[in-house]
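Chemist: Offset between the sequence shown (1-based) and the numbering used here: plus 13.
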Amino acid sequence: MLDPWLTRETRLADGAHLRLSAVERRRNKISVPGPNAPWRRKKAKEYDTLFLEARLRVKAKRHPRLATLTQDRAQEAVRLPPGAKLQRLRISGERLQLRIRLEESWLPFVPKDAPAEASPAPDASRAVTMMLLSLYQMLHLARTPEAPKAQQREKPPHRRAKSRRRRSG
């Protein structure tokens, strides 16, 4: 069962249009023992997965090199919290789309004063924040040209490279 419980659209101060959505997928498994079992018991298990998607639409005039941004270079800019997996990354002339997946036991918010060991579940609010930062990092990478790789110069051989033994004389 898919449950789209959040969809927000807004225009940001820099003129970009942001669309943020959250869809929860729930799976219920019920297992019943076979007919030869001594007792019949139903076991129900629920599996939750949260898909967060952020789309950013920018003006092509402000970011003319966005279409030339490579998938590999954009993927380097994506930073996600532990427990989040990158599901989809799409880049077009004026759009960026990022979808992540938070596994089973996610939390909507983890307080700052909570110890890190106490909550192994991913934090959805932190994931959304890191998604937005990753989208803007991709925009920054599209504006800056890729730095050329430095070539290593070979050192000329030392004139006494053959023998470094001192001659006694």
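For glycine and all other residues, C-beta sits at the position ideal for the given N, C-alpha and C.
Could you compute how far the alpha carbon of M143 sits from the alpha carbon of P94?
Modeler: Mapped onto the sequence shown, residue 143 falls at position 130. Mapped onto the sequence shown, residue 94 falls at position 81. Their Cα atoms are separated by approximately 7 Å.
Chemist: Contact defined as beta carbons within less than 8 Å: I believe A29 pairs with R78. What is the distance between those atoms, to the nearest angstrom?
Modeler: As a first step, residue 29 must be located in the sequence shown, where it is residue number 16. As a first step, residue 78 must be located in the sequence shown, where it is residue number 65. Not confirmed; about 16 Å, so no contact.
Chemist: Would L111 and A80 qualify as a contact pair, given that the criterion is a beta-carbon distance under 7 Å?
Modeler: Numbered from 1 along the sequence shown, position 98 holds the residue referred to as residue 111. Numbered from 1 along the sequence shown, position 67 holds the residue referred to as residue 80. No.
Chemist: By DSSP, does E37 sit in helix, in strand, or in coil?
Modeler: What you label residue 37 is simply residue 24 of the sequence shown in a count that begins at 1. Strand, per DSSP.
Chemist: As a quick exercise: from D85, L102 and F64, pick the residue whose alpha carbon is nearest that of L148.
Modeler: Translated into positions along the sequence shown, residue 148 becomes position 135. Comparing Cα positions, the closest option is L102.
Chemist: Inspect the beta-carbon positions of L33 and R24 and report whether they are closer than 7 Å.
Modeler: Here residue 33 is taken as the residue at index 20 of the sequence shown, counted from 1. Here residue 24 is taken as the residue at index 11 of the sequence shown, counted from 1. In this structure, R24 does not lie closer than 7 Å to L33 by Cβ.
Chemist: Any idea what DSSP makes of D136, helix, strand or coil?
Modeler: Here the question's residue 136 lines up with position 123 in the sequence shown. Strand.
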